Ligand SMILES: [Zn+2]
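In this note's numbering, the protein residues as written are 315 to 802.
Okay, here's the thing in structure tokens:
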């Protein structure tokens with residue numbers, strides 16, 4: 315009887331502790347400060363963005379054959395449209411087509427910051443043209459939107475910054491810290507000659523940045539699973555991109571007297587084994603994101619989130635249910651290319667596949683190969699990293715910095731009192747090239763976007779609301795003021 319009482323007591327105590335932890339997650343973890351925000355001329359800014367859209371700065375895989383005259387035209391247009399910036403900031407052309415602007419601050423003891431954007435856009439698939447409701451390269455403004463390729467990714471950022479700075483200069487604003495604008499010309503094809511060269515130039519001068527802000531997270535409804543209210547997401551890291559070539563060799567010959575498996579069968583088995591044995595779940599980063607918005611969830615979900623020390627596996631099971639949330643909690647892989655065999659009656663001498671991995675921070679090229687060997691356990695299958703398609707790791711930035719906290723504050727000041735959470739970006743951006751010159755790389759696109767509109771990026775009917783674009787300009791004005799003056 316006494317033992318039973320003790321057990322009941324322990325369970326009750328445990329439950330009370332878990333309840334207490336849950337209640338602690340019940341309050342919004344922030345306070346909003348109201349500030350006076352500048353008025354911005356959204357229609358003037360929209361007209362400028364529309365002009366920028368009409369300059370076809372499309373990046374192409376073939377660097378040699380690409381026509382780069384639109385990039386020069388874009389440079390000249392920036393110079394003509396923003397004369398005050400070009401009078402006050404030092405402009406440098408890097409690697410012919412990328413741009414680096416330097417706005418000198420009054421206090422050289424403060425570490426500089428860099429705002430990143432890219433000048434290039436992806437092409438428009440000819441076959442999709444009939445589905446567009448506007449010419450993707452004309453710069454049309456209608457129905458309250460600016461239409462065209464680059465209105466979301468990311469001429470809106472570049473023009474948003476320039477509109478903000480041009481006006482701030484005219485108003486006599488002088489930042490305390492140095493501010494750089496880094497505008498790469500090949501982000502959509504890896505950033506290897508643009509942002510990478512800009513970062514190398516800064517590194518060569520011994521410059522260490524306090525923070526970099528690049529595209530990435532945004533404010534959206536439905537981006538966080540289970541949360542309908544708008545949530546601001548700041549990317550603090552990117553998943554690493556690695557492709558592995560799997561090769562199985564076979565003995566060529568006549569298919570009338572075959573071995574038990576041909577090279578194709580060996581390779582197929584290896585792929586099937588990998589699909590059945592994914593990387594283990596590591597949900598810590600996802601838990602950190604969810605905890606920041608925990609107060610928006612129903613009690614049961616909050617209870618699990620507050621007590622992941624005991625209920626982690628329950629949460630993992632839930633997150634594994636959709637491909638989107640599954641990608642948040644583990645290194646994923648996908649067999650994307652397969653080749654082998656030349657004729658139906660000849661045994662193939664070789665079969666090859668490409669497996670594309672997206673790595674959680676903490677995994678590496680070496681751990682990928684190790685995982686494949688452990689799972690496939692077949693000496694007939696060779697696995698090697700495809701160096702042409704391996705992008706190197708990206709650091710995870712911390713949220714415990716003044717730069718992050720003020721960024722979070724500015725997001726709420728400009729876009730309303732909403733939860734803001736750090737998260738892991740599922741795609742790669744230029745920001746990773748700045749790792750050597752900055753410990754803190756933050757990804758945030760100052761935009762309120764419905765999740766259905768996200769497909770417009772790189773897709774059909776890319777467009778941005780004139781008001782939404784005005785909000786971007788306002789955001790940059792506020793951020794440049796706060797980051798420009800804050801002492802971190
Ligand atoms: Zn982009």
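All C-beta atoms in this analysis are idealised placements derived from N, C-alpha and C, irrespective of residue type, glycine included. These figures come from a predicted structure and were not determined experimentally.
By alpha-carbon distance to residue 627, the top candidate from 754, 517, 354 and 601 is 601. Per the DSSP secondary-structure output, residue 416 pairs in a beta bridge with 404 and 494. With a cutoff of 7 Å, residue 447 does not count as near ligand 1, since its C-beta is closer than that to no heavy atom of the ligand. Cβ atoms of residue 694 and residue 608 stay farther apart than 8 Å, at about 49 Å. Residue 778 is bridged by DSSP to 460. Residues lining ligand 1 by the Cβ criterion, that is a Cβ closer than 6 Å to any of its heavy atoms, are 432, 467, 468, 501 and 529 in chain order.
For a cut-off of 8 Å, the C-beta gap from residue 787 to residue 548 is around 19 Å, too long to register as a contact. By the neighbour-count criterion, in which 16 or more other beta carbons inside 10 Å mark a residue as buried, residue 780 falls on the buried side.
Fewer than three Cβ pairs drawn from the stretch 743 to 752 and the stretch 409 to 418 lie within less than 8 Å of each other, which leaves the two stretches out of contact.
Pairwise C-beta distances place the stretch 505 to 514 in contact with the stretch 397 to 417, as three or more of them are shorter than 8 Å. Scanning its chain for C-beta atoms nearer than 6 Å, with the 5 sequence neighbours on each side dropped, one finds around residue 760 the residues 786 and 789, in chain order. Using a Cβ-Cβ distance cut-off of 8 Å, the stretch 564 to 571 and the stretch 653 to 669 are in contact, since at least three pairs of beta carbons, one from each stretch, lie closer than that value. For the pair residue 738 and residue 599, the CB atoms are nearer than the 8 Å cut-off.
Under the Cβ criterion (8 Å, minimum of three pairs), the stretch 582 to 591 counts as touching the stretch 670 to 689. Restricting attention to beta strand (DSSP E) runs no shorter than 3 residues, the stretch 603 to 670 encloses them at 646 to 654, ordered along the chain. C-alpha of residue 651 to C-alpha of residue 577: approximately 15 Å in a straight line. In the structure shown, the three-state DSSP call for residue 552 is strand.
Take the alpha-carbon of residue 490 and the one of residue 366: they are about 30 Å apart.
Judged by DSSP in its simplified three-state form, residue 742 adopts coil rather than helix or strand.
Contact holds between the stretch 638 to 652 and the stretch 668 to 684, because three or more Cβ pairs, one in each stretch, are under 8 Å apart.
Under the Cβ criterion (8 Å, minimum of three pairs), the stretch 707 to 723 counts as touching the stretch 749 to 758. Exposed is the label assigned to residue 676, since fewer than 16 other Cβ atoms lie within 10 Å of its Cβ.
One thing to note: residue 732 has its Cβ no nearer than 8 Å to the Cβ of residue 467. DSSP places residue 559 within a strand segment (E or B) once states are collapsed to three.
Under the 8 Å Cβ criterion, the stretch 518 to 529 does not count as touching the stretch 445 to 460, having fewer than three qualifying pairs.
Residue 484 and residue 794 have their C-alpha atoms some 14 Å from each other. Close CB contacts of residue 464 within its chain, under the 8 Å cut and outside five residues either way in sequence, are with 366, 367, 371, 435, 470 and 776 (chain order). Note on geometry: alpha-carbon atoms of residue 331 and residue 740 lie some 35 Å from one another.
Going by DSSP, residue 511 is part of the alpha helix (DSSP H) stretching over 509 to 518. If you check the CB distance, residue 383 and residue 499 do not come in under 8 Å. Residue 708 is bridged by DSSP to nothing; it lacks a bridge partner. Residue 705 sits close to residue 554, with the two beta carbons spaced by under 8 Å. Looking at the backbone, the Cα of residue 697 and that of residue 559 are separated by about 6 Å.
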